[in-house]
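Trainee:
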Amino acid sequence: MDVEAGSPWTVGPVPRERREAALAGVRERGLEARLAEVAETLAAGAPSPSEAAVLGLAEEAETGVPEVYWLAVTARCRRPDVAEALAAVEAAIGGGDRPADQEPELERLAALLLPFTGLDLDEALGNAHLFVINFPLPGMALGDVDQRAARWLAQLLDTTAVRRQLRRLLSGLAEVWERDRPGAAAVVRSWSAGDPPADPTQDRPWMGAMLGLARSQL
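In terms of numbering that gives the first Met the number 0, the sequence shown opens at residue 0 and continues consecutively.
1. How big is the Cα-Cα spacing for residue 53 and residue 8?
2. Out of 21, 86, 90 and 92, which has the shortest C-alpha to C-alpha gap to residue 71?
3. Taking the straight line between their C-alpha atoms, what separation do you get for residue 116 and residue 165?
4. Quick check on DSSP: helix, strand or coil for residue 207?
5. Need the endpoints of the alpha helix (DSSP H) that residue 91 sits in, please.
6. Here's a check: name, in chain order, each residue in its chain whose Cβ is nearer than 7 Å to the Cβ of residue 150, leaving out the five neighbours to either side.
7. Can you look up residue 111 in the DSSP assignment and give me helix, strand or coil?
8. Using a 10 Å radius around the Cβ and a threshold of 16 neighbouring Cβ atoms, would you call residue 125 buried or exposed?
9. Terminal residues of the continuous alpha helix (DSSP H) containing residue 121?
10. Which ranges does the beta strand (DSSP E) cover as unbroken runs of at least 3 residues, wholly within the stretch 135 to 187, from first to last along the chain?
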């Protein structure tokens, strides 16, 4: 049996028909619980265990690595916390807000998807903690330590491949919700459009994820 080689972090969204065929194979073999376990492993943000989990299920289900990865992503995108964030986006649209005004929702969704990019989440959180505990106390009164930490993290952790994957994940999330939350899906798709800019501090999804990391340590 041939399993597609390569890291799951290097592929864009798999077409719906391929995902559906892979999901049918998972169900036929009674591997739904294993798929849920893979999604949880990926959400923990540890690259080596995550890749091993994806490869293992691909072998068991006799399907491709990209298919298993994106099935796990889809499962995560259907969780209630994602639904709540998208409901907030649609409420903002109904209130007349522009997409640019919805940074809290972008930050929340980007932070939820960050562990699926292949970034080592524990290491990233450790760096965020290091910045915060070493930030001068007088500077705390300015109230922008989260923004400063996010900019520092954005540059420290900058990897074009990871930033590109975060945009792919947002695009995949938009596809999952385009029928149930079309307005929110359109906004999320606009956030993911195009290639990441050269300057990581000008990359909105990336900065949203970094703000999430920074604020988790405050």
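Even for Gly, the Cβ is constructed at its ideal location relative to N, Cα and C.
Mentor: Here's the rundown:
1. 11 Å
2. 21
3. 6 Å
4. helix
5. 79 to 93
6. 200
7. helix
8. exposed
9. 120 to 132
10. none
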